[in-house]
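Undergrad: Heads up, the final residue of the sequence shown is numbered 100 in numbering that gives the first Met the number 0, and it's a clean run with no missing numbers. Backbone N, C-alpha and C define an ideal beta-carbon position, used for all residues, glycine too. Fair warning: this is a prediction, and the values are worked out from it, not measured in the lab.
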Amino acid sequence: MVRKKRMNKLQSKLLHVSFVVSIVALLGALLLFTLVVDQAITTVILLLVPLFIMGGLALAVIDFVLLAEYPSLRRKAMPIVSILLSLVAFGLYLIGLGGLA
0 MVRKKRMNKL QSKLLHVSFV VSIVALLGAL LLFTLVVDQA ITTVILLLVP LFIMGGLALA
60 VIDFVLLAEY PSLRRKAMPI VSILLSLVAF GLYLIGLGGL A
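#1: State yes or no: is the C-beta of Asp62 within less than 8 Å of the C-beta of Ser21?
#2: Ile79: buried (16+ other C-beta within 10 angstroms of its C-beta) or exposed?
#3: Report all residues from its chain with a CB closer than 6 Å to the CB of Leu34; omit the five preceding and five following residues, and keep chain order.
#4: Taking the beta carbon of Leu31 as the centre, do at least 16 other beta carbons fall within 10 Å, making it buried, or is it exposed?
#5: Under 6 Å Cβ to Cβ from Leu28, same chain only, skipping five residues before and after it: list those, please.
#6: Taking all protein chains shown into account, decide if Ala76 is buried (16 or more other Cβ within 10 angstroms of its Cβ) or exposed.
#7: Report buried or exposed for Val23, applying the criterion of at least 16 other Cβ atoms within 10 angstroms of its Cβ.
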């Protein structure tokens, strides 16, 4: 019984990870969207933002699997919001790349 409660706590915490990763990707894409080309951080952002975007999408898929397996978990809209944030971040990333080119 205690082990089941611990597993539910762990699974409910995992639902937040995809949301946080998607927000980091969105912030990085916004930063790239507003950056000037001469700044040295541009290369780092160009490398890291796609990793966070794909990580947010992958973790959202894991969240969907967890929600399908354990319907008692709350916050069912969190993976949907994570996917939407990742898609917006990807769009801003592409626009930022176009601005740098």
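TA: Taking the structure as given:
#1: As a position in the sequence shown, residue 62 is number 63, starting the count at 1. As a position in the sequence shown, residue 21 is number 22, starting the count at 1. Cβ distance not < 8 Å, so Asp62 and Ser21 don't count as in contact.
#2: Walking along the sequence shown from the start, residue 79 turns up at place 80. The residue is exposed, with fewer than 16 neighbouring Cβ atoms inside 10 Å.
#3: In the sequence shown, counting from the first residue as 1, residue 34 sits at position 35. These residues qualify, in order along the chain: Thr41.
#4: Counting from one through the sequence shown, the residue named residue 31 turns up at place 32. By the neighbour-count rule (16 or more Cβ atoms within 10 Å), Leu31 is buried.
#5: Against the sequence shown, residue 28 aligns to sequence position 29. Going by the sequence as given, residue 28 is Ala instead of Leu. Same-chain partners within the cutoff: Val48, Ala88, Leu91 and Tyr92.
#6: Along the sequence shown, read from residue 1 onward, the residue named residue 76 stands at position 77. Its Cβ having fewer than 16 others within 10 Å, Ala76 is exposed.
#7: The residue you call residue 23 lines up with position 24 of the sequence shown. Burial call: buried.
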